[in-house]
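The next block holds one structure in the form of structure tokens; read it before the comments.
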Amino acid sequence: MVLDVLYGVLSDNALITAFMFVGGLVWLSYLISEKLTRGHIHGSAIAIALGLVLAWYGGLATGGSTGLADLPLFAGVGIMGGAMFRDFAIVATAFGADLGALKRAGFVGAVSIVIGVVLSFIIGGIVAVSFGYTDPIAVTTIGAGAATYIVGPVTGTALGASTDVIALSVAAGLTKSVLVMIGTPFVAPRIGLDNPHAALIYGGLMGTTSGVAGGLAATDPKLVPYGAMTATFYTGVGCLLAPSVLYLGVRLFL
Amino acid sequence: MQRFENEDRDDYRSENERSRQLFRPRARRVDVVIYGVALLAFCMLVGVFVGDLLGAVMGLPANVGGVGIAMILLLVLSNLGSREPTLGPITQKGIGFWSAMYIPIVVAMAARQNVFSALSGGWMAIVAGVAAVAASFALIPVLARWGQGGHHGS
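Taken in order, these protein sequences are the chains called C and G.
The number in our numbering is simply the position in the first sequence, starting from 1, with 90 added.
The number in our numbering is simply the position in the second sequence, starting from 1, with 5 added.
The structure is reproduced here in structure tokens:
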């Protein structure tokens, strides 16, 4: 009976439960960071990695599409980590950002978005071809998925790709997003990702809002507004280019 | 300007004017947390609205730059005052709280990703994702150097 009541309280107050749960997860992550890695791996990087592992478990256990949030007890994690709160917090990080740095990198930032979309698209397309796909629509859709997991299905739907190809494009985009979240803090020192200028370019090249948000959180939260600024235009540019110019480009080759 | 008025207002102001000062204390600014939260909310909603409109104009089912527009709007609105900061310290706390909640929110975001589907999409999806990330990472220093060189000559 006590357990039933407790379960009711926790699931009725889902968002509050999520606050407590994430707080505990962050605490555990900082403990692991300090005790097991002696601070070499930042606590937030561990917290994000643990979150991804839990998300994987949620998908395995329920077959749903929102990770841990598919378990009724953790539905609040879905609200807290959803686009609404994520974007709200990202905008808040801009408070105190350097407007001058944004202006100076305006042009390179814009160029990096277009280069980022085209680069990811070409790489995704090449991988699709090397795995035996020859249909221009399928190759375009998978290439678009390598941009972000929104550009993929938008492009696939516009071109009339089959559902399994669209599912593949989403999987490619999700892999990218997860890898950017985990990988960024490790490669950051090697690629010079330690200043607003590089963060703007990073956001434009990566483009996945979740990936950039998670990657910069684990690297240096001060860089978040710069990366998020360019990343927020990426999906739009991708949806614009992939089903049109890039698709025509693919048809020239295949 | 207000500061100068305060200094000598007792000397020559009429009774009428002084009582108006009492009822309408212009120099004191209300400074509460909700103003910061509301400003942040306003900026985000305007940004997302403009982003959705941009998407609709281009015929895309996507938001184009909504968060970026919201961030610029917040930066501009919070830097309007030239001499003194536009926002009081408590109002700023309303924004600062959400900025500080960023990492926990990102942890929750990680926990709701469709990781299972990403990993069960087969090798092609994984290879495509990994290759795209690796190539993009490699290009960051190249573009960063180009941008810096073009603007600062360093």
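We put the beta carbon where it would ideally sit given N, CA and C, even for glycine.
These numbers were taken from a predicted model, which means no experiment stands behind them.
Exercise for review: Buried or exposed for V268/C, please, with buried defined as at least 16 other CB atoms from any protein chain shown within 10 angstroms of its CB.
Suggested key: As a working note, residue 268/C is residue 178 in the first sequence. Flag for V268/C reads buried.
Practice item. Give the residues from the stretch 140-151 of chain G that approach chain C closer than 8 Å (Cβ to any Cβ), ordered along the chain. Key: Only those residues of the stretch 140-151 of chain G whose C-beta falls short of 8 Å from the nearest C-beta of chain C are listed: A140, S141, F142, A143, L144, I145, P146, L148, A149 and W151.
Review point. Are there 16 or more other CB atoms within 10 angstroms of the CB of L142/C, so buried, or fewer, so exposed?
Key: By 1-based counting over the first sequence, the position of residue 142/C is 52. L142/C should be labelled buried.
Practice item. Kindly indicate which three-state DSSP category F221/C falls into: helix, strand or coil? Key: Reading the first sequence from its first residue, position 131 is the one you call residue 221/C. Here F221/C sits in coil by DSSP.
Exercise for review: Measure the C-alpha to C-alpha separation of F99/G and L50/G and round it to an integer number of angstroms.
Suggested key: As a first step, residue 99/G must be located in the second sequence, where it is residue number 94. As a first step, residue 50/G must be located in the second sequence, where it is residue number 45. According to the sequence displayed, residue 99/G carries Gly and not Phe. Going by the C-alpha atoms only, they are around 17 Å apart.
Check your understanding: Whose Cβ in chain G lies nearer than 7 Å to the Cβ of L269/C?
Key -> Along the first sequence, one-based indexing puts residue 269/C at 179. Under the 7 Å cutoff, chain G gives G134, V135 and V138.
**Study point:** Through-space distance from L124/G to A151/C, alpha-carbon basis
**Key:** The residue you call residue 151/C lines up with position 61 of the first sequence. The residue you call residue 124/G lines up with position 119 of the second sequence. Roughly 14 Å between the two C-alpha positions.
Point to revise | Exposure of I39/G, with buried meaning 16 or more beta-carbon neighbours within 10 Å | key: In the second sequence, the residue the question calls residue 39/G occupies position 34. I39/G comes out exposed.
Check your understanding: Smallest Cα separation from Y346/C: which of I169/C, S334/C and L283/C?
Key -> The structure shown does not extend to residue 346/C, since chain C is modelled only from 91 through 344, so no value can be given for it.
Point to revise | Unbroken stretches of the beta strand (DSSP E), 3 residues or longer, contained in the stretch 237-317 of chain C | key: none
Review point. In chain C, what lies closer than 8 Å to G70/G by C-beta?
Key: The count along the second sequence starts at 1 and reaches residue 70/G at position 65. In chain order: T322, F323 and G326.
**Study point:** Residue ranges of each alpha helix (DSSP H) within the stretch 61-140 of chain G, 4 or longer
**Key:** 71-83, 94-105, 107-116 and 120-124
Review point. If the cut is a Cβ gap below 8 Å, which residues of chain C does I39/G touch?
Key: Within the second sequence, the letter at position 34 stands for residue 39/G. Ordered by position in chain C, no residue passes the 8 Å Cβ test against I39/G, which lies about 14 Å from the chain.
Check your understanding: What first and last residue would you give for the alpha helix (DSSP H) that runs through A182/C?
Key -> One-based indexing of the first sequence puts residue 182/C at position 92. For A182/C, the enclosing alpha helix (DSSP H) has its first and last residue at A173 to T183.
Practice item. From the DSSP output, in three-state form, read off V35/G for me. Key: Walking along the second sequence from the start, residue 35/G turns up at place 30. Residue state for V35/G is assigned as coil, using DSSP reduced to three classes.
Check your understanding: Taking Cβ to Cβ, would you say A318/C is nearer than 8 Å to V340/C?
Key -> Locating residue 318/C in the first sequence gives position 228, where the first residue counts as 1. Locating residue 340/C in the first sequence gives position 250, where the first residue counts as 1. Cβ atoms of A318/C and V340/C: not closer than 8 Å.
Check your understanding: Among T107/C, L338/C, L100/C and K266/C, which has the Cα closest to the Cα of D225/C?
Key -> Taking the first sequence and counting its residues from 1, one reaches residue 225/C at position 135. Closest by alpha carbon: L338/C.
Practice item. Could you please give the first and the last residue of the uninterrupted alpha helix (DSSP H) stretch that includes D94/C? Key: Residue 94/C sits at position 4 when you count from the first residue of the first sequence. Here the alpha helix (DSSP H) through D94/C covers V92 to D102.
Review point. Quick one: does G282/C have its CB under 8 Å from some CB of chain G?
Key: Indexing the first sequence from 1 puts residue 282/C at position 192. It does; some Cβ of chain G falls within 8 Å.
Point to revise | C-beta contact flag for G199/C and L330/C at 8 Å | key: Numbered from 1 along the first sequence, position 109 holds the residue referred to as residue 199/C. Numbered from 1 along the first sequence, position 240 holds the residue referred to as residue 330/C. No, the pair does not count as a contact, with Cβ atoms beyond the cut-off.
**Study point:** Test: L118/C CB closer than 8 Å to a CB of chain G
**Key:** In the first sequence, residue 118/C corresponds to position 28, counting from 1. Cβ-Cβ to chain G under 8 Å: no for L118/C.
Exercise for review: Compare the C-beta of A236/C with all C-beta atoms of chain G and state if any pair is closer than 8 Å.
Suggested key: As a working mapping, residue 236/C is identified with position 146 in the first sequence. Yes, its Cβ sits closer than 8 Å to a Cβ of chain G.
Check your understanding: Anyone know if the C-beta pair for V219/C and G328/C falls short of 8 Å?
Key -> Position 129 of the first sequence, counted from the first residue, corresponds to residue 219/C. Position 238 of the first sequence, counted from the first residue, corresponds to residue 328/C. Not in contact: V219/C and G328/C (Cβ atoms no closer than 8 Å).
**Study point:** Rounded distance between the beta-carbons of G242/C and A234/C, thought under 8 Å
**Key:** Within the first sequence, the letter at position 144 stands for residue 234/C. Within the first sequence, the letter at position 152 stands for residue 242/C. So it is a contact: roughly 5 Å between Cβ atoms.
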